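Following: one structure in structure tokens, then a few remarks.
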Amino acid sequence: MIYRIGKGNMVKIWEDPWLPRGITRRVSTSRGHIVLTLVSDLIDQESATWDEVLVRGILPAADAEIVLKIPIFEESDDFIAWHYDSKGSFSVKSAYKVHLYSSLRNERAECSGVELDTRCAVCRKYFENGNHLFFSCPEVKNRWRALELEEARLQLCACPSAMEVGRVITQLQKDKAIPIVAFLWCWWNERNKANKGEVFCSVDEFQFKVRHFAQVWSAAFFKEHSTGVHHVSSWQRPPEDFIKINIDGAFHANSGRGGWGWIARDGEGDIIFAASGAIVRASEALQTEAEALIRGILTAKFYNVP
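Under the UniProt record's numbering, the first residue of the sequence shown carries the number 1, and numbering increases by one thereafter.
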């Protein structure tokens with residue numbers, strides 16, 4: 001897990017995971033006698049940028065370089081997100097690792113005499129670990145069977161570890177793996193609802209969600225084969241009464257500098273508004289493109305563009 005920075009007033013500099021690197025994602029030094037507490041203390045409120053002198057003054061050089069590349073979105077609140085793995089993505093295997101760690105932590109806490117409710121958040125009867133949550137809980141069994149995935153459930157339930165579950169899934173054909181991945185993803189969300197005291201979906205509603213995600217993901221994986229005829233793509237006008245925003249970003253890896261730009265045009269192709277800017281420190285090309293997209297959306301929202 002990692003905190004994404006908005007205003008910075010909800011994230012603690014020295015305690016919370018907010019640096020996009022390593023395992024702990026925390027700063028690599030102790031607080032010492034420094035009085036600054038929140039990430040917002042490191043942000044110049046007038047320019048909504050990092051106070052570089054301050055950041056470099058209180059953090060180790062390696063940490064400071066990472067912090068200065070983190071984009072700030074002053075219009076948004078800080079929020080917790082899944083952190084990508086060593087390959088740059090968050091996968092079902094990553095979720096299993098997170099849940100396995102959580103289960104082991106709960107077991108250790110319980111053995112140490114710490115009062116902690118380790119019951120399944122869904123059925124509230126049995127000890128919650130990865131195997132119970134995804135394959136053995138009475139509620140989840142009903143849903144596997146309703147989706148005619150009982151054979152897959154039994155196969156995965158027999159796996160001795162979360163790593164083995166991930167290995168088995170990745171070896172399946174995509175048309176068989178995608179519904180299973182969609183199931184696990186949707187059930188994890190339902191578990192989180194139950195853990196917060198919210199009502200989770202009925203079996204029928206859950207089936208609809210899983211099939212919807214499976215259909216969307218399958219469409220992304222199984223694109224039609226190219227006919228071999230290459231068509232020159234060109235800009236297409238949006239429908240009447242719509243505005244189309246095109247964005248782009250640039251990144252120079254050696255200097256770490258980048259730039260962003262976007263342009264909005266109407267159904268006649270006329271330019272409504274446009275903007276561009278520089279990013280003094282960027283981590284990758286995707287960040288510059290995301291910056292352009294976010295700024296374009298915020299401007300459209302400001303002018304009440306439909």
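We put the CB at the ideal spot given by N, CA and C, even for glycine.
All values reported here derive from a predicted model rather than from experimental measurement.
query: Where does N304 land, buried or exposed, given buried means 16+ other C-beta within 10 angstroms?; result: exposed
query: So, are the CB atoms of residue 319 and A274 less than 8 Å apart?; result: The first residue shown for the chain is 1 and the last is 306, placing residue 319 beyond what the model contains.
query: Between G267 and D241, how many whole angstroms is the CB-CB distance? I'm expecting something under 8 Å.; result: 7 Å
query: With H, G and I counted as helix, E and B as strand and the rest as coil, what does DSSP make of K69?; result: coil
query: Name the two residues that bound the continuous alpha helix (DSSP H) containing A182.; result: K174 to N195
query: Provide the residue span of the beta strand (DSSP E) that contains A278, from first to last.; result: I271 to I279
query: Helix, strand or coil: which one does DSSP assign to R25?; result: coil
query: At which residue ranges does the stretch 112-147 contain complete alpha helix (DSSP H) runs of 4 or more residues, listed in the order of the chain?; result: 138-146
query: Which of the three DSSP states is assigned to T49 in this structure?; result: strand
query: Enumerate in chain order the residues of its own chain whose CB-to-CB distance from F200 is below 6 Å, with the five nearest sequence positions on each side excluded.; result: E190, K193 and A194
query: Just tell me which of V27, S40 and P20 has its CA closest to the CA of V11.; result: S40
query: In chain order, what residues of the same chain have a beta carbon less than 6 Å from the beta carbon of E148, not counting five sequence neighbours either side?; result: none
query: Does L286 come out as helix, strand or coil in the three-state DSSP assignment?; result: helix
query: Output needed for R56: all residues of its chain with C-beta closer than 6 Å, excluding positions within five of it in sequence on either side, in chain order.; result: A64
query: Would you please verify whether the beta carbon of E46 is less than 8 Å from any beta carbon of chain B?; result: Protein chain content of the structure displayed is limited to a single chain, and chain B is not contained in it.
query: Please report the distance separating the alpha-carbon of A300 from that of E164.; result: 47 Å
query: Three-state secondary structure (DSSP) at H212?; result: helix
query: Per the DSSP calculation, G8 is bridged to which residue(s)?; result: G8 pairs with nothing; no bridge assigned.
query: Would you kindly check if the distance between the Cβ of I13 and the Cβ of I72 is under 8 Å?; result: no
query: Please work out which residues of its chain come closer than 8 Å, Cβ to Cβ, to V168, disregarding the five sequence neighbours upstream and downstream, and give them in chain order.; result: Q155, L156 and C159
query: Mapping DSSP to helix, strand and coil, what is E224?; result: The pLDDT assigned to E224 is 47, lower than 50, so where the model puts this residue is not dependable, and the model offers no usable value.
query: Assign V122 to one of two classes, buried (16 or more other C-beta atoms within 10 Å of its C-beta) or exposed (fewer than that).; result: buried
query: Evaluate S283 with the Cβ neighbour count: other Cβ atoms within 10 Å of its Cβ, from every protein chain shown; 16 or more gives buried, anything less gives exposed.; result: buried
query: Could you pull the DSSP bridge partners for W260 from this structure?; result: G249 and G277
query: For T29, collect the residues of the same chain with a Cβ closer than 8 Å to its Cβ; drop the 5 residues on either side in sequence, then sort them by chain order.; result: L59, P60 and D63
query: Within the same chain, show all residues whose beta-carbon is closer than 6 Å to that of V18, passing over the 5 residues directly before and after it, in chain order.; result: The residue you asked about is not Val; residue 18 is Trp in the sequence shown. So the qualifying residues of the chain are Y3 and V11.
query: When DSSP builds the beta bridges, which residues end up paired with D44?; result: T49
query: For D77 and R119, what's the separation of their Cα atoms in angstroms?; result: 32 Å
query: In chain order, what residues of the same chain lie with their CB nearer than 8 Å to the CB of A177, ignoring the 5 residues before and after it?; result: I169 and T170
query: Let's see if you can read the secondary structure: which residues bound the beta strand (DSSP E) around A81?; result: F79 to A81
query: Along the alpha helix (DSSP H) that carries R167, what are the first and last residues, could you check?; result: A162 to T170
query: Using three-state DSSP, classify R265 as helix, strand or coil.; result: strand
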